[in-house]
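Each remark here refers to the structure printed beneath this line.
2 protein chains.
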Amino acid sequence: MQIARIAEEEHIPKKFLEQILLDLRNAGYLYSKKGAGGGYSLNKDPKDIYLVDILRITDGPIAMVPCASLKFYHRCEECHDEVTCGIRKAFIDVRDASLKVLSETSIANIIEREKTAINPEAI
Amino acid sequence: MQIARIAEEEHIPKKFLEQILLDLRNAGYLYSKKGAGGGYSLNKDPKDIYLVDILRITDGPIAMVPCASLKFYHRCEECHDEVTCGIRKAFIDVRDASLKVLSETSIANIIEREKTAINPEAI
DNA sequence: ATAAAAGACTACTAAGTCTATATACTTTAT
DNA sequence: ATAAAGTATATAGACTTAGTAGTCTTTTAT
Numbered sequence: 030m031q032i033a034r035i036a037e038e039e040h041i042p043k044k045f046l047e048q049i050l051l052d053l054r055n056a057g058y059l060y061s062k063k064g065a066g067g068g069y070s071l072n073k074d075p076k077d078i079y080l081v082d083i084l085r086i087t088d089g090p091i092a093m094v095p096c097a098s099l100k101f102y103h104r105c106e107e108c109h110d111e112v113t114c115g116i117r118k119a120f121i122d123v124r125d126a127s128l129k130v131l132s133e134t135s136i137a138n139i140i141e142r143e144k145t146a147i148n149p150e151a152i
Numbered sequence: 030m031q032i033a034r035i036a037e038e039e040h041i042p043k044k045f046l047e048q049i050l051l052d053l054r055n056a057g058y059l060y061s062k063k064g065a066g067g068g069y070s071l072n073k074d075p076k077d078i079y080l081v082d083i084l085r086i087t088d089g090p091i092a093m094v095p096c097a098s099l100k101f102y103h104r105c106e107e108c109h110d111e112v113t114c115g116i117r118k119a120f121i122d123v124r125d126a127s128l129k130v131l132s133e134t135s136i137a138n139i140i141e142r143e144k145t146a147i148n149p150e151a152i
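Protein chains in written order, with this note's numbering: chain P, 30 to 152; chain D, 30 to 152.
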């Protein structure tokens with residue numbers, strides 16, 4: 030599948046898409062081939078690509094605050110005591126709840142669910 | 030409690046804190062009194078103030094993407110079919126997981142948990 | 001061998017958001 | 001009257017995100 034085709038079908042600027050695909054490629058999730066007849070393909074089974082990994086590559090942290098992040102941790106500058114901070118604990122709980130869903134959801138799951146309409150109650 | 034005191038104790042610029050407190054006041058969570066001897070106080074019982082409400086006032090949406098947001102919904106510009114979009118469904122699941130934690134966590138809970146140290150495994 | 005196709009890489013711009021500051025105004029206590 | 005304290009609005013600067021541009025490299029077809 031070529032960048033140009035995806036860009037056209039999904040109405041995304043080609044050059045912008047290029048950068049995202051490059052990140053995913055460099056992280057090992059995509060395979061690419063240069064030259065005429067080249068393009069991108071998945072480098073793993075859709076069952077083995079989880080939303081959490083894609084998000085960390087393209088968006089960064091899952092946690093709402095840096096001090097609650099697993100992979101992009103950063104201490105709060107003005108924090109008195111991180112270890113007993115109740116707000117931080119709450120945000121770690123939120124992170125873990127998000128993480129559970131994100132790491133259980135694969136590309137294969139997402140494709141599967143495309144077939145069914147969303148429950149209007151959920152919106 | 031005066032803005033100046035909170036600002037000093039928490040090492041937050043006073044004027045910056047002012048704006049946040051104003052938002053919380055205008056949303057009905059804080060009571061304020063002007064003039065000498067004035068200041069801020071909670072307008073509700075800490076048991077009845079939930080993290081989700083504070084976050085929506087100060088940070089906006091809970092969902093990671095606008096099309097999955099309950100209170101700050103915005104349609105994706107280039108989306109083919111929002112109703113069957115599997116990515117959106119996944120993000121709605123994430124939002125609901127976060128929402129569960131955030132709407133079960135009150136200020137009272139947060140204060141209560143300040144007393145206990147965090148589990149190092151969680152970080 | 002050459003030209004065209006396609007991705008790789010780097011740099012840059014523009015818009016928006018977030019943090020913070022500035023200034024002027026209103027209310028209240030003494 | 002004066003000082004203390006919150007209200008309100010505007011603005012600046014830093015940072016982030018989305019998007020653009022141009023050049024380089026690799027591969028394929030002829």
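Using N, Cα and C, we set each Cβ at its ideal position, and we do this for glycine too. Computed from a predicted structure; not experimentally measured.
> Counting along the chain, where does the alpha helix (DSSP H) carrying residue 129 (chain P) start and finish?
Replying inline: 115-133
> Is there a Cβ from chain P that is less than 9 Å from the Cβ of residue 117 (chain D)?
Replying inline: yes
> chain P beta carbons: is any one of them nearer than 9 Å to that of residue 93 (chain D)?
Replying inline: yes
> Are three or more beta carbon pairs between the stretch 116-131 of chain D and the stretch 33-50 of chain D nearer than 8 Å?
Replying inline: no
> So is residue 97 (chain P) buried or exposed if we call it buried at 16+ other beta carbons inside 10 Å?
Replying inline: buried
> So which residues on chain P does residue 142 (chain D) lean against when the C-beta distance must stay under 7 Å?
Replying inline: 115, 118
>> Check for me: the beta strand (DSSP E) holding residue 63 (chain P) runs from which residue to which?
In response: No beta strand (DSSP E) contains residue 63 (chain P), which DSSP labels as neither H nor E.
>> Strictly by DSSP, which residues pair up with residue 99 (chain P)?
In response: Answer by DSSP bridge pairing: none, since residue 99 (chain P) is not bridged.
> In or out: residue 124 (chain D) buried (at least 16 other Cβ within 10 Å) or exposed?
Replying inline: buried
> Which residues of chain D have a Cβ atom closer than 7 Å to the Cβ of residue 77 (chain P), listed in chain order?
Replying inline: Within chain D, no residue comes near residue 77 (chain P); the closest Cβ sits about 16 Å away, beyond 7 Å.
>> Given a cut-off of 9 Å on the beta-carbon distance, is the pair residue 81 (chain D) and residue 132 (chain D) in contact?
In response: yes
>> Taking the beta carbon of residue 65 (chain D) as the centre, do at least 16 other beta carbons fall within 10 Å, making it buried, or is it exposed?
In response: exposed
> Name the chain P residues that come within less than 8 Å of residue 131 (chain D), Cβ to Cβ?
Replying inline: 119, 123
> According to the Cβ coordinates, are residue 71 (chain P) and residue 60 (chain P) closer than 9 Å?
Replying inline: yes
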